[in-house]
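Protein chains in written order, with the working numbering: chain A, 1 to 405; chain B, 406 to 804. In this text, a Cβ means the ideal position worked out from N, Cα and C, and glycines have one as well. A quick note: this is a predicted structure, and the numbers were derived from the prediction, not measured. Have a look at the structure below, then the notes.
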């Protein structure tokens with residue numbers, strides 16, 4: 001018996017909506033020739049037939065023309081969830097769209113706000129929200145399933161020895177997690193901040209060293225069948241980051257932690273999460289990888305770290321493909337330089353661990369799967385999307401300047 | 406726009422000749438069938454032959470309307486049924502299939518491309534046919550409709566119905582009146598799948614499907630076939646079979662694409678020329694067969710085809726009685742709401758009933774002294790609106 005998921009089929013053109021929704025963005029195709037905004041997604045402009053259609057952010061408001069509540073569905077997923085609210089909206093941008101309707105939307109006619117998010121199949125869908133409220137799917141019991149809200153869920157944070165890991169644990173507790181396991185590799189070592197967290201009634205410190213296969217397998221066997229959300233924060237302490245020019249052993253250590261660590265975690269925890277998701281609603285819902293923006297393009301002052309992040313990113317894409325049929329969201333968070341020991345020598349602006357933690361929890365509550373928190377990460381993303389090759393050249397120039405090695 | 410053409414010009418040369426419609430046939434509907442679509446086409450073709458007295462080899466034109474014939478199209482059917490044709494068409498346009506097939510067949514016969522064109526709409530219905538078809542109905546449906554609760558056309562027409570009610574003050578009682586009258590008509594039609602009268606109470610309190618639409622606003626998907634023959638008037642007379650004339654017809658697809666929501670169809674743009682070519686007024690029409698996938702669409706069709714102004718539909722419904730013996734006979738065999746929707750055959754249902762009424766070969770109750778009938782085509786909701794519109798004005802052969 002397979003888990004019912006919402007219809008997953010989409011044309012190639014329609015995947016553009018999904019790609020934007022993965023970032024929590026609402027974009028529609030715009031014709032570069034004549035400017036017409038179009039929907040549903042298509043291959044050629046509805047007005048002038050040009051094929052120069054580009055996905056662009058749109059005004060996110062419109063008129064609710066009509067609402068309905070579906071009581072009967074032809075699809076297994078929705079027939080288990082009726083009655084289901086829908087909206088027919090005339091966007092200010094032009095097209096008329098069909099969207100899922102938040103329960104707090106007033107009846108038609110009224111103004112609404114439109115967002116694009118990922119549904120349980122990981123595909124982009126449109127949602128109509130009340131105009132003057134923040135987008136919040138977690139306060140609508142039907143839409144909540146599109147999110148990975150940590151509220152009332154059990155979460156494993158793989159490494160609590162860093163400020164990021166601890167900030168995440170605190171933020172998850174704040175968001176209402178039912179329990180938080182915090183992984184800790186060096187048992188017996190005193191780590192500032194961790195003792196205070198360990199005293200919390202919902203927190204349990206557990207031995208976990210992602211570079212040690214037995215450690216990972218053991219913990220997977222002990223708690224794997226209870227973990228709803230796994231957040232991998234494992235990262236090397238500052239002293240073990242290696243610049244360009246470091247030897248193969250140094251590079252191997254980075255890979256052992258960032259790539260093989262993820263691989264070991266996925267073998268030990270992913271199958272159980274998938275199995276639980278298939279058997280019960282509201283259980284396993286997300287796997288979060290805290291990565292670096294340097295996964296996209298190598299940053300020479302942290303060269304082998306960058307390479308290990310790129311490897312982890314590639315692996316996370318496989319993991320996402322494996323988790324999708326179970327309705328489990330794989331969330332990648334691409335952090336820029338952090339305001340902590342690791343990136344001490346880098347100039348501001350830098351992301352505070354608490355801000356990163358908030359961004360992760362926000363991503364879970366919004367159901368997005370690619371998160372770029374902070375100014376640097378956002379700028380990096382913009383440059384990379386515009387031209388990965390240009391960004392590569394810009395980064396190679398940091399090697400010549402080289403005051404971080 | 407088609408009007409009646411002169412058969413012979415002044416020099417006596419053969420020019421476009423008048424084509425007529427005859428041999429209305431129905432393969433009885435069943436809720437589910439283990440047969441494939443070709444079986445229904447074969448039954449229909451067989452009936453067309455027995456009805457007309459023609460041989461299979463006389464059929465040299467074929468127009469096919471079907472969704473469940475896949476993976477075949479009309480061409481595969483020629484070998485399956487053993488027909489050799491000079492003119493072949495496949496028209497998967499749902500509720501507009503019949504009107505469009507008629508228009509194509511008229512031209513084929515008028516121009517001499519075919520002598521006897523068989524027009525058949527047929528679909529089977531296996532237990533999971535409808536559900537399976539929804540996800541792959543169209544690219545736009547797959548991308549922009551199905552992921553949203555997979556309510557099928559019910560959700561799309563719930564939006565239209567709700568908007569129409571709000572905009573023009575229609576009530577559920579108004580739509581109920583249409584459904585009840587059509588059910589009454591269906592009680593006199595042996596092939597209707599619904600056999601019991603419908604009361605207003607039952608209609609108003611039926612199982613909700615998609616607000617404000619309830620069970621009796623929706624058609625019942627089923628298996629079946631409808632068909633007719635198109636041939637030259639002279640041939641029909643020689644054969645001695647009853648026929649009806651096609652006074653005028655029209656079609657238009659993707660009309661009003663900039664309307665935010667569909668409150669009108671292409672008929673608005675074509676109705677004046679339709680009646681002009683037919684040489685009549687709407688008031689000369691003795692009965693109307695709308696494409697009634699939902700009652701709101703019947704009302705919109707009546708407005709758009711000139712029986713009342715836009716938005717005056719509710720008032721029109723309240724003032725008229727739509728049973729066969731009423732002031733405005735509507736869907737005289739019950740419409741698909743009470744007969745059933747056999748896929749593309751539903752696009753032929755109204756035409757076949759129109760031919761029956763105008764040739765005196767009724768299976769349902771007869772509209773007394775009917776001279777002109779209007780059959781409307783509509784359908785193909787590939788996204789948020791029915792893209793096809795069409796209509797045909799038929800006349801009694803002596804009208």
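message: Under 8 Å, Cβ to Cβ, is there at least one residue of chain A near residue 539 of chain B?
response: yes
query: What number of angstroms, rounded off, separates the C-alpha of residue 261 of chain A from the C-alpha of residue 310 of chain A?
result: 14 Å
query: When the Cα atoms are used, what is the spatial distance from residue 360 of chain B to residue 500 of chain B?
result: There is no way to answer for residue 360 of chain B, as the model of chain B reaches only from 406 to 804.
query: So, residue 97 of chain A versus residue 554 of chain B, is the Cβ gap smaller than 8 Å?
result: no
task: Please state whether DSSP places residue 615 of chain B in a helix, a strand or coil.
output: strand
- prompt: Which residues in the same chain as residue 767 of chain B place their Cβ atom closer than 6 Å to its Cβ, once the five residues preceding and following it in sequence are excluded?
  reply: 761
message: Taking 8 Å as the threshold (beta carbon to beta carbon), is residue 616 of chain B in contact with chain A?
response: yes
- prompt: In chain order, what residues of the region 12 to 34 of chain A put their CB closer than 7 Å to some CB of chain B?
  reply: 14
query: Which full runs of the alpha helix (DSSP H) of 4+ residues lie inside the region 705 to 747 of chain B, going along the chain?
result: The region 705 to 747 of chain B contains these whole alpha helix (DSSP H) runs: 718 to 724, 740 to 744.
- prompt: What does residue 789 of chain B reach in chain A if we use C-beta pairs closer than 8 Å?
  reply: 88, 96, 98
message: Taking beta-carbon pairs under 7 Å, can you tell me which members of the region 114 to 126 of chain A lie near chain B?
response: For the region 114 to 126 of chain A, which is checked against every Cβ of chain B, the residues closer than 7 Å are 119, 123, 125.
Selection of the region 741 to 755 of chain B by Cβ proximity to chain A, strictly under 7 Å: none
Helix, strand or coil at residue 463 of chain B according to DSSP, with G and I counted as helix: Here residue 463 of chain B sits in helix by DSSP.
query: My guess is that residue 666 of chain B and residue 564 of chain B are in contact by the Cβ rule of under 8 Å, so how many angstroms apart are they, rounded?
result: 7 Å
- request: Have a look at residue 277 of chain A and residue 349 of chain A and give me their C-alpha separation to the nearest angstrom.
  value: 40 Å
message: With a threshold of 8 Å between beta carbons, is residue 238 of chain A in contact with chain B?
response: Reliability fails at residue 238 of chain A, whose pLDDT of 49 lies under 50, so the model's placement of it is uncertain and no value is given.
- prompt: What do you reckon, is the C-beta of residue 717 of chain B under 7 Å from a heavy atom of the ligand NAP?
  reply: Although the ligand NAP was asked about, the structure shown includes no ligands whatsoever.
message: Can you pull the chain B neighbours of residue 78 of chain A, defined as C-beta to C-beta under 7 Å?
response: 554, 555
- prompt: Using the beta-carbon of each residue, which ones in chain A are nearer than 7 Å to residue 613 of chain B?
  reply: 71
message: Against chain A, with Cβ distances strictly below 8 Å, would residue 808 of chain B count as a contact?
response: In this structure chain B extends from 406 to 804, so residue 808 of chain B is not present and cannot be described.
- prompt: Does the separation of the CB atoms of residue 639 of chain B and residue 763 of chain B fall below 8 Å?
  reply: Going by C-beta atoms, residue 639 of chain B is not nearer than 8 Å to residue 763 of chain B.
field: Contact with chain A by residue 716 of chain B, beta-carbon distance below 8 Å
entry: no
- prompt: Within 10 angstroms of its Cβ, does residue 480 of chain B collect 16 or more other Cβ (buried), or is it exposed?
  reply: exposed
- prompt: What in chain A is Cβ-close to residue 549 of chain B, meaning under 8 Å?
  reply: 14, 39, 40, 41, 97, 98
field: Distance between beta carbons of residue 217 of chain A and residue 256 of chain A, contact taken as under 8 Å
entry: Residue 256 of chain A to residue 217 of chain A, Cβ: 16 Å. No contact.
message: Threshold first: 4 residues or longer. Then list the alpha helix (DSSP H) segments lying entirely within the region 346 to 397 of chain A, N to C.
response: 353 to 366, 374 to 386
message: Determine, for residue 68 of chain A, whether the minimum Cβ-Cβ distance to residues of chain B falls below 8 Å.
response: yes
Whole-Å CB distance - residue 587 of chain B paired with residue 742 of chain B, under 8 Å assumed: 5 Å
task: With 8 Å as the threshold, decide whether the Cβ of residue 10 of chain A is near any Cβ in chain B.
output: yes
message: Cβ closer than 8 Å: which chain B residues qualify as neighbours of residue 208 of chain A?
response: Chain B residues near residue 208 of chain A: none, gap ~38 Å exceeds 8 Å.
- request: Taking all protein chains shown into account, decide if residue 180 of chain A is buried (16 or more other Cβ within 10 angstroms of its Cβ) or exposed.
  value: With 16 or more other Cβ atoms within 10 Å, it is buried.
message: residue 208 of chain A and residue 185 of chain A - do their beta-carbons sit closer together than 8 Å?
response: yes
Cα-Cα separation, residue 221 of chain A to residue 618 of chain B: 52 Å
task: Quick one: list the residues of chain A neighbouring residue 567 of chain B, beta-carbon separation under 8 Å, in chain order.
output: 66, 67, 68, 108
- request: Please decide whether residue 637 of chain B counts as near chain A, where near means a Cβ-Cβ distance under 8 Å.
  value: no
- request: Write down the C-beta distance between residue 521 of chain B and residue 636 of chain B rounded to the nearest angstrom, noting that I regard them as a contact closer than 8 Å.
  value: 5 Å
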